[in-house]
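What follows is one structure encoded as structure tokens, with my remarks underneath.
In full-length UniProt numbering, the protein residues as written are 1 to 373.
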């Protein structure tokens, strides 16, 4: 075991992990949350969420995690990814791994109200936004798989106690579906959980790129943070206009159809920004531009309130584009230089906070909004 210690403003974090194919330096850095529930955050270096990274590095993490699935499994499978951070990760792992199964489709949880039938709700208790919604897929074959599938694949970027996965599984079990599940497989970039998750008559397996544990010693004299209200799932006028073929309402296949007209010159530095849960289609665009020879980084907006310092070098704040009226943020781009920024949204262009565009244009004058107008 390798031991690390990090002193933060509100306490000291001690980490123990098993040295394997990946080290902590390769997978994450540490930041401080503006959240009284948990004072720190493991900030991924491969997700393209809070730290912009190359699409090639993101694709490698999808491939590495999908290859951990056993080769001797078969039958039908349902993949479920966790909003908001792991929605893109789940889509990437699903598209790398779905050929292992006779049939497979992807669902993701969401924090957005959709014009669809709700399957279940569950809580992520430690999060800045605790409420998760999962909708029934609109496709009849996918709905049939909810009863026929023997394999349930759950994907998140991190597992700490396993409570969120337990909450999700219990919520699924309380529906009229999932009666034929014989195996649950949890895939996560980092697994801090030392207590195995178990269910009667169901095999539960967990695979991660890094395994370990942590302890937190709080500084009882540290002032508590102020957290903005971000636990909101209702929205007003800014309806989602992008195609829902990537997870929220079920997905067999998701096509690279965002910003097809965009071409870039080789060696130009490009930042592609996804927005909230809208990650997979912007990632495919970023990957396509990277293959054209551009120097591409992918990042995303988030509702996660994080303090500047340690892993967070800069922050931009603005109002969300979904009409929820909540603060959104993007981290670690304001201190960098780019030739072009592509801001990808699944709402209409007018939904974007003009102050956000102004702050992006302070980084580069070449800012383009990419949407499904």
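Quick reminder that beta carbons are idealized off the backbone N, C-alpha and C, glycines included.
Please work out which residues of its chain come closer than 6 Å, Cβ to Cβ, to residue i, disregarding the five sequence neighbours upstream and downstream, and give them in chain order.
i	result
residue 219	10 and 11
residue 156	82, 86 and 188
Could you check the C-alpha separation between residue i and residue j for me, to the nearest Å?
i	j	result
residue 67	residue 223	44 Å
residue 154	residue 89	11 Å
residue 147	residue 178	5 Å
residue 185	residue 70	10 Å
residue 297	residue 55	7 Å
residue 126	residue 80	With a pLDDT of 49 at residue 126, under the threshold of 50, the modelled position of that residue is not reliable, and the figure given next carries that caveat. One C-alpha to the other measures close to 20 Å.
residue 200	residue 183	11 Å
residue 194	residue 123	21 Å
residue 372	residue 357	18 Å
residue 343	residue 332	15 Å
residue 198	residue 204	6 Å
residue 339	residue 196	47 Å
residue 221	residue 37	16 Å
residue 91	residue 61	12 Å
residue 323	residue 96	34 Å
residue 350	residue 74	46 Å
residue 302	residue 159	19 Å
residue 314	residue 335	6 Å
residue 308	residue 261	36 Å
Please return the same chain residues whose Cβ sits closer than 7 Å to the Cβ of residue i, not counting the five positions on each side in sequence.
i	result
residue 57	46
residue 251	105, 106 and 245
Is the beta carbon of residue j closer than 8 Å to that of residue i?
i	j	result
residue 120	residue 175	yes
residue 279	residue 53	no
residue 78	residue 149	yes
residue 254	residue 345	no
residue 214	residue 341	no
residue 375	residue 310	As displayed, the chain neither begins before 1 nor continues past 373, which places residue 375 out of reach and without an answer.
residue 50	residue 326	no
residue 76	residue 100	no
residue 295	residue 273	no
residue 41	residue 24	no
residue 277	residue 84	yes
residue 249	residue 116	yes
Output needed for residue i: all residues of its chain with C-beta closer than 8 Å, excluding positions within five of it in sequence on either side, in chain order.
i	result
residue 118	133, 134, 135 and 136
residue 266	292, 293 and 294
Around the Cβ of residue i, are there at least 16 other Cβ atoms within 10 angstroms (buried) or fewer (exposed)?
i	result
residue 7	exposed
residue 63	exposed
residue 166	exposed
residue 145	buried
residue 26	exposed
residue 48	buried
residue 169	buried
residue 376	Limits of the chain in this structure are 1 at one end and 373 at the other, which puts residue 376 out of reach.
residue 20	exposed
Could you tell me which residues DSSP puts in a beta bridge with residue i?
i	result
residue 133	110 and 121
residue 386	With the chain running from 1 to 373 in the structure shown, residue 386 is simply not present.
residue 369	343
residue 17	2 and 212
residue 278	275
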